[in-house]
Structures are given as structure tokens and as C-alpha cells.
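Residue numbers (my numbering), protein chains in the order written: chain A, 285 to 508; chain B, 983 to 1276; chain C, 2 to 539; chain D, 2 to 97.
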Amino acid sequence: MSPDAAAGTVPHPTHLAHQFDDAGQQREAASLGMWVFLATEVLFFGGLFTTYLVYRNWYPAAFAAGSHELLIWAGTTNTAVLITSSLTMALAVHAAQTGNRRLLLLFLLVTMALGLVFLGIKGFEYHTEYVEHHVPGAGFQFDPANAQHAQLFFSLYFLMTGLHALHMIVGLGIMSTMFWISWRGVITSEYYNPIEVGGLYWHFVDIVWIFLFPLLYLIARHAH
Amino acid sequence: MAGRVDALYFFLVAIAVFFSVLIAGLIVYFAVKYRRRSPTDVGQPVTGGTLLEIAWTVVPLMITMVIFVWGASVYFAMASPPSDTLNVYVVGKQWMWKFQHLDGQREINELHVPVGRNVKVIATSEDVIHSFFVPAFRMKADVIPGRYVNLWFNATKPGRYQLFCAEYCGTRHSGMTGAIVVMEPADYQAWLSGGAPEGSLASGGEKLFASLACNTCHRSDTQGRGPVLTGLFGKTVMLEGGGTVTADEAYIRESILMPSAKITAGFQPIMPTFQGLVTEDQLLQLVEYVKSLK
Amino acid sequence: MATVLAPPHHYLNDGYGIKSWLLTRDHKRIALLYLASITFFFFVGGLFAVLIRLELITPVGDLVSDETYNKLFTMHGIMMVFFFLIPSIPATLGNFLVPLMIGAKDLAFPRLNLASWYIFLLGGLFTLYALVTGGVDTGWTFYVPFSTTSSTSNVIPAALGIFVTGFSSILTGLNFIVTIHRMRAPGMTWFRMPLFLWSMYATSVIFVLGTPVIAITLLLIAAERLFHFGFFDPALGGDPVLFQHLFWFYSHPAVYIMVLPAMGVVSELVAAFCRKQVFGYTVVAFASLAIAVLGFLVWGHHLFVAGESVYAAMIFSILSYLVAIPSAVKVFNWTATMYKGSISWATPMLYAIGFIGLFTIGGLTGLFVAAVGIDVHVTDTYFVIAHFHYIMVGGAIMGYMGGLHYWWPKISGRLYNEFLAKIAAGIIFLGFNLTFFPQFILGYLGMPRRYHAYPPEFQVLNVLSSAGASILGVGYLIPFFYLMWSLRYGPLAGSNPWSAVGLEWTTTSPPPTENFARTPTVTWNAYEYGEPIESHVA
Amino acid sequence: MSEHIIPRRTYYTIYGLLMLCTYLTVQIAYFDLGPLNTIAALGIAVFKATLVVLFFMHVKYGTRLTWLVVLGSVLWLGILLALTMGDYLTRTWRAL
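Written as C-alpha cells, this is what we have:
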């Protein structure tokens, strides 16, 4: 081995981690890493979707009855809110790509605000369901014809939306970090991986909701 | 059934021995024959052979497909009880097997059956999953709470056969054993007449049916608020909101515990659940009573 | 051999002190952190196995109580499966070798790599907590409704421990996938990669796509225990069998997580110790991917008697036979590689030969349990125990031991005692077979698994098995001591003690922190023997 | 490596489509279409998710590898759902 092994390092540009050769490699690695993580997330929620599918198939009437008790206006509004936040997230990435720092900060802020609105509405819904005794457990009350299996529906509802909300909260944490590093001027049109990768996560959380909404809120609405 | 399982088993043993010996023999032979003679030796460039690859993909595939078909056909026979069976109910609970004969005899951890008869065991569990395993009959099925599982056998020789619980079920899992006692028909008759103090299963069910006030709605005429149960068993039931279901043991059981899950067409979901009000043993009596209503 | 000198700079002397280890981002140091952790868990799990075998010497349960016995086999399973076998090769040898073999400076995400080790430890601590505060008695499979309603033991901490540990698997898999895709040195094309990398890649796919399902399943168990949601409770309309579907969707592919890396190691060993390219390189490479994919389609064969439909059983049975094919093809290719090789009988090769033989038996007995008609009889008996120990101990651990010996000079820079190593390999092989072969017979005779006490007619075979286990235990202790001893007293190994090809052998032993003095450029295929090895040094 | 910058107008168009689909899916839920209700709801959800993945997440302009990861995760979810339901839907065909 050459004796100057340890000395033979080329000076690295800023933001380029030592293990990468160039910025392109780093960018592609980061993006691929996030995509692989999202594949994991798909299967994580997949276990819940499987459970949902099995029981909805077994107890369609109870699931419809449970679904009717959810606040459809809240679910619909939240869908719109999340889709809008996805738009502002996409625009934030666009602003980062074009090097517009002020717009980037603005869109990140709007995205976070919309995320908070979503969680606020969700919290209101949880409160409503609590008041109406739709939280599974000893206090659960429901039309006796469907009570047993409506409880399964509500268990799934709370677990699925709860895990989704947890992902939203993590997303807000990521967004705050994005905001912080953008504020410090780390993000440029040359280096915007973090915004792009963080954005992928945010869009994924949006997609989960896009499926949760019809599965939970829109079962046989015509019956009422 | 034991014969069929063993035939396939020994066929597989032959295949396993053949391939194990082939591979092990080749490895040892190569390792000796081509052992390194000097430290600088390298192997000869033999890097692949398409024909060989195809051969050792296709041949195992064909062998495994033969095994699959054979194994599946054995299983299909296991899962197809004949129609002329002598039925016995068993409830598994931590950590015992409770048997009930149709005539009302009850046994714990021991089941008496006549030799040469097709016997069907209808099994369920009161708590966790157990597994009904009689090695001599090559017979096993998990006994699952909330469901009826059928097993069947035809014992060809009198004797005592070991019964195990094969699904781990808690502290005294290894104590959840028992025996199937296979008797000559005459001995079996003698054993049967030995006593059924409480009357048959169906008669027990009839008493329950009255004491739980089932008969106020399920009347024998069509004036009740619930469907008529006479002649129900084995029929196809039209359901409210479309669909049909065959009225088997599982359906009757479900209708007692979760009445709203499947509503008979033309009726209201007004029946209360009996979940927690009847034990598994009593459920079996009720099921047997409904079956007896011809 | 010319006198070898230790390299002046290498990853082991690049910083001393506890902090330089606990905060390291070097994949090689993280591999060693993992190595120490899994060795600890291996011996904990092994201790439980010893106690189990001691109890089973007599048919009556006289050594420990039934409650204790149930906790012993549960913790043996949990420790061995989740804290030893699953991370064994990927997190140690894989972590160490993936960047070296592709000519990279490190994994793509070194910080995530370190995080994965801490997550692993955290999960381990949870589980150890469950252990010392009373243990768990559900079996490593956590079957409901026993685990959710009946068991009074520490189910939630144990489940959470495994839940947490799952994320370390996911991060390792994610890191490997990205690294293999994006960090290969110039010229290192997919079909020039050593087969170990193909198997690591296939394993990572399972890590990433399977582990989240066990995570959510264990979460459901915890939720069910805490809030009694009813997902698996028939009284509330749930189905206990659904749990088994979700559990085995991960836990069957997990078997391939354990054995695929060992297959990768064996491919390397056979090539290096026959000095020959692996026969049918492309076929062996794609067989790894095929196993990873098909492995996800067969989980239902754990449910043949568990109440799944007759038709589902048949579908899962035929799919199970399909996954047997690529495994068989690999065995044939390794055997063919030995044909006209220059075969060295060094310790790693002994393990490789042991692997091929034992894995063949494990695989062939898999044909028994995949046949539904036979599985009905042998499932949940000692036949199944023997079958999967042939795969996991005879297969995965043999591969792990072989790999550890093969790369030990690279990892430590020292040579171990070859004589002792050969003796130990022989003892392990004998002890293993004596332990587990009798269990096939026990199983066919009908002895159910997880039995604290058993009918006396099974005693002879059980005593044989216990005797084998004591030999096996000794076999595993010997390498621990001579490997430790070699760290200080072993002769220096030099860059390439086996005269093997492969990028990892072109750098010093131990390698420098940045792995290579210069990024190598690859112009040759894997396992190109037949020319002087020096010409491969970039 | 090529960094494709999607024009903002595309984002607005996709946003409009997503909101329209949300409106449609809620409206459709109030008509009794039998099993078509579920199919429509899920069909629209899949369409919306596809739009988000292709445009907001830039997969339309992404590498083959990104496509592979996306399709792979969907395929694996499909395996989990299909083989599990394969058991549940055939259980009633033949009493065990």
C-alpha cells in the first residue's frame, strides 16, 4: 500500500459528505434512501389496510353504520387541507430549485400551518367522538344492532388516523428543520436535497390520507 | 389415513436420502480428489453450463410438483369427512379436553369410540388456541375460539391412542394430553349404556332453549318475531340485504353470539347477543338442539 | 511467505477511547459494535437452549417448573431469532464488507448506520428488561389470543423490544440498498459484484418490505393488550388467524433473512477455497433475488392446520415448492464449483462444506413440511424444530462461522489458530447432528414442541439430543476463546492471507478508515483466478 | 442526475384535478351504486395518489430505479392483501 494512504484525501466541497464522490451521487442516494423508506411505510400501513379489508368484508353493515357517525365535513375539509399543503410543499421545492429563498420560507410556513389546521380539525373530531362515546372500550356506546362490530370499525379508525396523525407530527418536525436550515441560507439552487427529500415524506403522508378518507368516511353514505 | 400419510412420507424419505447422499458424496469426493497440492494452485476454469442449469432446475421442479399433488390429495381426503359419521363434540380449555357425546355422556381427556366407525370430532376452544393432535391417526387441527373445526378418523384397531395439545396454550400446555380409547362395538355399547345422567345433548339444549326464553321469539309456528328453526339445519338461508348462507354449526353458533351479523330476510335485528351468557358447552347443546328440530 | 508488517494507519488505531467507538460513523467499527452485541445475545440465547435440553433429559418436568420452561423456550427463540440470527451476518460481516467489496469509502448513510446500532441496543434493552423482570411465556410467535388475553407475563416490553429492533433492520437494509445502487466504484458493474453482495441486496429487500409488517403486528398486539380493541378476539368479532397471517408475512421471509446472507458467504468461501469462479455465477445471483421475492408468497404454509381455507393451503403449498427450486439450484452450483477446483481444507471451507451438507438436509426436509398432508402430522412437533434448526443453525450459523473465520484476518489483522479452529469446526458439526437429527424421528413419532414433560417412550432420543447439545455448546465456546486470543497474540495476517481475489483483499488488514488509498477502478469479474493476484491491485 | 424543474402551472393543474376528484368522490358516495360505490371511491383514490406520486413527487421525471421502488412497494402491498384475502374469501367454500 502506498505510504501516503491517509494523506491522499481530496478537499471536499461543503455539504458533500465524505463517503460520496460528488453532489449528484449524494443527491441520488438521499432521494433513493427516502423512496426505500417510503416503501417500508407502505407496508407498515399495509398491515392495517389488511386488517381493515378483512373486517370490512366480514361486517359491511357495521362498518357502514360506523362510517356514518364520522363527521364528513371534517374529513372532506381535512382532505382539501392536506392536498393544499401538498401543493404548497411542491411549490416550496420549486422555490428551492429556483433559488428563491423568500418564497421557499413562505411556502414551508404555509405547509406547516396547513398541517396544524389538519391536526386541529382531527383533534376536534376525536373530541366529538369521545363525547359521543365512540371511543372503543368500556364506555363505547352504539346502536345495539351493530355495537359489537362497529367497535372494530372505530378501533381501526382510531388506530389508522392516529398513526397517520403521528406521521403528520413527525412531518411537522421535519418541516421545522427544513425551515430552520432554509432560514440559515443552507439551501441553494445547487443544494436542495433536504427540501426535496422532506417533501417526498410530506406527500406520502398526504397519499395515506387520500386512501383513509374514502375507506373511513365514505362507506355507503347514501343510506342516510 | 395413517397409511396414506406414511406412504408419502417414506417416498419423501427416499428422495431426501438420495439427494443428501448424492450431494454429500460429491462434495467429499471433490474435496479429496481436487485437494490443493501446492499453495499456488488455482482451479480450472469451469464456469458454467446452460444445459446443466436447466436440468437441475427442471428436474427438482418436476419432483416437487409430484410431491405437491400427492400431498394435496392426501390433505383433501383429510379435509373431507364422510357423511355417515358418528359425531362427538370437544371443547378445549386451559388445560383439558372436554368431550360431549350426542347421547349426553361427558368425558374429560378421554374419548371412547367404537372401532371401524367414521368418527367426526367437532372442536372449539373456550379460551386460547389449542390443537387436537392424535399422532397414531396422523390427525391434527388447531382448535380455535369462536369457530368449529372438524376432524375425522376411522380407527382400525382397538386400543388407547395418545392425544396431545400441539399448539402452545400456556403454563400447563404439556399437561393437556389425553387418550382416544378405541373399543370393540360391543364394549362400546356397554360403555355407552354405562350412563348419561343428564340426558342427550339435544335434550339439554331444549331445556336451555326454554330457560333462556329463546322460544318466545323462535316459535314452532310462523307467528314468532324470529325465524322458525324447525328443519333449518343444512338449509340455505336468504339474508336481509341479499346473499345466502348455509345453516351449519358455525352459522347457528354465530347467530346466537352475534345475531346482527347475518339477519334472515324479512326479520328485524332485534335479537340480543348471548355472548358471555352461554358457555361453549351450552352452545354445543343449543346447536345440537337446533339440529335435532326436523 | 514474506514477513508482513502491520499497516501504520488502520481503522482500529484511528482514535482510541470509548467515545471514538460510541460516536463512530465508520462502518467497520459499527460492524464490530454489532459483533460484540450479537455475540452477547447469542450466548444468552444459547444458555436458554442449554437449560431447555437439560430439562428434557428426563420425561418428567423436574429441573424447572413448567412456567419457567415456557419462558426459557420463548426467550431462546426471541434472543436467537431477533437479536442474533437476523442481524448476524448482515449487521456484522455485511456492514464490514459491503463498502469494501464495492470499493466505497463507507455506506451511503453512516449516521443512520450508527443509529441502527443504538436502536438495536435499545430494543435489546427492552427485551432484557422483559426478561429480568419475570420473562415472557408466549413463545417467540406471540400467538393470539394467548398473548393478548391469557398470558400474564411481560408481553408488551418484549413486543416493544422487537418492534424497536425492527427499525434497526430496516435502516440496515435501506443503507445496503442505497449503497449497492449508488456507491459502486467505477467499473464495478452488477455482474462483477461478488455473490455476497447479491445476497446482501436480496436480504435488504426483505428487511425493507417485510419488517414494517411485523412492526405493525406487534403494535396491534400491544394495543389489543392495553385497550382490548378486539382485532384478534373472537368475542368482539376479531379473528385470531389474522394475526398469524400478518405475523408470518414477515416471519417466514425472515427465515430467508437468516439464510440468504449465509448463502452469500458460502459462495465467497467456495470460490476462494477452490480458487475458481462460482459455477453459474448469474444463476446463483438471480437465485438470491428469486428467493427474496418468492419467499414472500409462501407464509401461509405455517397455517395449514391453523384454520386457513383448504384452497389457501393448496396455493401456499405449491408456492412453497417453487421457493425450494432456487435453493436447490444454489446447492448444485456450489457442488459443481468444487469440480476441478484447487480445494483447500482451511477452516472456512470446512464450514462451507458443513453448510452445504446441512442446508441440503434442512431443505429436503422442507419438502416434507410443504406437503400439506404430511405437515398436518408433523407441524408443531419436533420434526419442524429439527427442520428449521438445520436451516438456521446448520445453515445460517455455519455460514456465519465460516464467514467470520474467512474475514477475521481482514477484520482484526491477525490469524487465528488453524488447528484449534479445525477441531472446533468438527465438534460443532458432530454436536449439531447429534442434537437435531434425533428430533426428526421424535417429531414423526409425534412428540409435540414446547412440551415441558413428555411420555417416557421419547426419552432415549431426547437424551441423545441433549448429549449432542452439550457437545455443540463446547464447540461454540472454543472459537470465542481462540479468536479473542488471536487479537493479541495471533500472527499478523497481511493484506491477503488466503490469496483470494476481491476488492476487500486489495487493501490492508485491518483496512484504513477510508478503506482504500484511492478509489479502485474495477476491470475484472468476480473470482477471476488463474493470474497472479497482485495484478488486481488498482 | 438530471434535475427537472416542473413549471408551476403544472402544479396548479394537478391541484385543481385533485380538488375536483375530492369533490366527486364525496358526491358519488351519496348515490346508491351497489358495489360500484367502493370501486369508484378506491378508483378515485388511486387516481389521486397517482397524480401526487407522478407530479408532486416528480416520479414522472424520475429514474427507472424510482419507478421500480414505487411499483415494488405497491406490488408487495398487493401480495399481502391478495394472499390474505385468498384465505378469507375461500373459507366458506368448504367447511373445515
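No residue lacks a Cβ here, since even glycine has one placed at the ideal position from N, Cα and C. Source: prediction; values computed, not measured.
Going by C-alpha to C-alpha distance, which of the options sits closest to residue i?
| i | options | result |
| --- | --- | --- |
| Val1163 (chain B) | B:Gln1205, B:Pro1096, B:Pro1064 | B:Pro1096 |
| Tyr339 (chain A) | A:Leu499, A:Leu392, A:His506 | A:Leu499 |
| Asn1132 (chain B) | B:Glu1231, B:Glu1108, B:Met1078 | B:Glu1231 |
| Ala83 (chain D) | C:Ile316, C:Gly136, C:Arg276, C:Leu220 | C:Ile316 |
| Tyr445 (chain C) | C:Tyr340, C:Val370, C:Met339 | C:Val370 |
| Val320 (chain A) | A:Phe497, A:Phe488, A:Ala349 | A:Phe488 |
| Ile326 (chain C) | B:Ser1237, B:Met1044, B:Tyr1130, B:Thr1159 | B:Met1044 |
| Met1253 (chain B) | B:Gly1213, B:Leu1275, B:Asn1197 | B:Asn1197 |
| Trp118 (chain C) | C:Val133, C:Gly104, C:Ala92 | C:Ala92 |
Applying a beta-carbon distance threshold of less than 9 Å, which residues of chain A neighbour residue i?
| i | result |
| --- | --- |
| Ser1237 (chain B) | Neighbours of Ser1237 (chain B) on chain A: none; closest Cβ ~13 Å, over 9 Å. |
| Ala1232 (chain B) | Neighbours of Ala1232 (chain B) on chain A: none; closest Cβ ~13 Å, over 9 Å. |
| Thr1255 (chain B) | Pro428, Ala431, Gln432 |
| Pro1027 (chain B) | Ordered by position in chain A, no residue passes the 9 Å Cβ test against Pro1027 (chain B), which lies about 30 Å from the chain. |
| Met1220 (chain B) | In chain order: nothing, as chain A lies at least about 16 Å away. |
For a contact defined as C-beta to C-beta under 7 Å, what are the partners of residue i on chain B?
| i | result |
| --- | --- |
| Phe333 (chain C) | Trp1038 |
When the distance is taken between beta carbons, is residue j closer than 8 Å to residue i?
| i | j | result |
| --- | --- | --- |
| Gly469 (chain C) | Leu435 (chain C) | yes |
| Leu172 (chain C) | Leu123 (chain C) | no |
| Gly211 (chain C) | Gly162 (chain C) | no |
| Val1028 (chain B) | Tyr530 (chain C) | no |
| Ala224 (chain C) | Phe233 (chain C) | no |
| Ile1005 (chain B) | Gly16 (chain C) | no |
| Val373 (chain C) | Phe305 (chain C) | yes |
| Val209 (chain C) | Leu175 (chain C) | yes |
| His453 (chain C) | Gly62 (chain C) | yes |
| Met259 (chain C) | Ala397 (chain C) | yes |
| Val267 (chain C) | Ala353 (chain C) | yes |
| Thr75 (chain C) | Gly140 (chain C) | yes |
| Ala293 (chain C) | Tyr257 (chain C) | yes |
Anything in chain A within Cβ reach of residue i, meaning under 7 Å, just list it in chain order.
| i | result |
| --- | --- |
| Arg579 (chain C) | The requested residue 579 (chain C) is not part of the displayed model; chain C covers only 2 to 539. |
| Gly231 (chain C) | Gln435, Leu436, Ser439 |
| Ile217 (chain C) | Phe328, Gly331, Leu332 |
Closer than 8 Å by beta-carbon distance: list the chain D residues that pair up with residue i, in chain order.
| i | result |
| --- | --- |
| Leu1 (chain C) | This structure gives no information on residue 1 (chain C), because the portion of chain C shown stretches from 2 to 539. |
| Leu210 (chain C) | Gly73, Ser74, Trp77 |
Interface residues of chain A around residue i at Cβ under 8 Å?
| i | result |
| --- | --- |
| Ile6 (chain D) | His378, Gln381, Thr382 |
Name the chain C residues whose beta carbon is nearer than 7 Å to that of residue i?
| i | result |
| --- | --- |
| Leu443 (chain A) | Ala224 |
Do the segment 356-365 of chain A and the segment 454-470 of chain A touch if we need at least three Cβ pairs shorter than 8 Å? Contact annotation: the segment 356-365 of chain A does not touch the segment 454-470 of chain A, with fewer than three C-beta pairs closer than 8 Å.
I want to know whether the segment 158-170 of chain C touches the segment 183-196 of chain C - three or more CB-CB distances under 8 Å. In short, these stretches do not touch, since the Cβ pair count stays below three.
Short-range partners of chain B found in the segment 66-90 of chain C, where Cβ spacing is below 7 Å: Flagged, chain order: Asp67, Glu68, Asn71.
With a threshold of 8 Å, are at least 3 pairs of Cβ atoms found where one atom belongs to the segment 410-430 of chain C and the other to the segment 18-25 of chain C? No: the two stretches stay apart, fewer than three of their Cβ pairs being nearer than 8 Å.
Which of the residues in the segment 235-266 of chain C, read from start to end, lie with their CB under 7 Å from any CB of chain D? Residues are counted here when their Cβ sits less than 7 Å from a Cβ of chain D; for the segment 235-266 of chain C these are His246, Phe250, given in chain order.
Measuring CB atoms only, is the segment 282-289 of chain C touching the segment 197-207 of chain C, in the sense that at least three cross pairs come out at less than 8 Å? Result yes; three or more Cβ-Cβ pairs closer than 8 Å.
How do the segment 401-418 of chain C and the segment 1068-1086 of chain B stand: do at least 3 beta-carbon pairs fall below 8 Å, yes or no? Counting Cβ pairs under 8 Å, fewer than three are found: no touch.
Is the segment 1259-1269 of chain B touching the segment 1067-1078 of chain B, taking contact as three or more C-beta pairs under 8 Å? Yes, the segment 1259-1269 of chain B is in contact with the segment 1067-1078 of chain B.
For the structure I just gave you, are there three or more beta carbon pairs, one from the segment 249-263 of chain C and one from the segment 333-346 of chain C, closer than 8 Å? With the cut-off at 8 Å, the segment 249-263 of chain C and the segment 333-346 of chain C do not touch.
Give the residues from the segment 57-80 of chain D that approach chain C closer than 8 Å (Cβ to any Cβ), ordered along the chain. Listed by position along the chain: Leu66, Gly73, Ser74, Trp77, Ile80.
Return the residues of the segment 987-1005 of chain B that lie within a Cβ-Cβ distance of less than 8 Å from chain C, sorted by chain order. The segment 987-1005 of chain B vs chain C, Cβ under 8 Å: Val987, Leu990, Tyr991, Leu994, Ile997, Ala998, Phe1001, Ser1002, Ile1005.
Is the number of C-beta pairs between the segment 475-490 of chain A and the segment 365-378 of chain A that are closer than 8 Å three or more? Result yes; three or more Cβ-Cβ pairs closer than 8 Å.
Residues in the segment 338-369 of chain C having any Cβ partner in chain B nearer than 7 Å: Within the segment 338-369 of chain C, the qualifying residues are Met339, Tyr340, Lys341, Gly342, Ser343, Ile344, Ser345, Trp346, Ile354, Ile357, Gly358, Thr361, Ile362, Leu365, Thr366, Leu368, Phe369.
Along the segment 96-109 of chain C, where does the CB come closer than 9 Å to a CB of chain A? Name the residues. If the cut-off is 9 Å between Cβ atoms, the segment 96-109 of chain C has Pro100, Ala105, Lys106, Asp107, Leu108, Ala109 near chain A.
Selection of the segment 310-329 of chain C by Cβ proximity to chain D, strictly under 7 Å: The residues in question are Ser310, Val311, Tyr312, Ala313, Ile316.
Proximal residues, the segment 1116-1136 of chain B versus chain F, C-beta separation under 8 Å: The displayed structure is made up of protein chains A, B, C and D, and chain F is not among them.
Cβ-based contacts, 9 Å cut-off: residues of the segment 317-346 of chain A near chain B: The residues in question are Trp342, Tyr343, Pro344, Ala345, Ala346.
Contact set between the segment 290-309 of chain C and chain D, restricted to residues whose Cβ is under 8 Å from the partner: Residues Phe297, Leu298, Trp300, Gly301, Leu304, Gly308, Glu309.
Along the segment 1079-1099 of chain B, what residues have a CB closer than 9 Å to any CB found in chain C? Against chain C - using a Cβ distance shorter than 9 Å - the segment 1079-1099 of chain B contributes no residues.
Three CB pairs or more closer than 8 Å across the segment 1092-1107 of chain B and the segment 1129-1145 of chain B: Touching, yes.
Contact between the segment 49-68 of chain D and the segment 983-995 of chain B: three or more CB pairs below 8 Å? Touching, no, given that fewer than three Cβ pairs across the two stretches are closer than 8 Å.
Meets three-Cβ-pair contact criterion under 8 Å: the segment 66-86 of chain C and the segment 42-50 of chain C: Because the criterion of three Cβ pairs below 8 Å is met, the segment 66-86 of chain C and the segment 42-50 of chain C touch.
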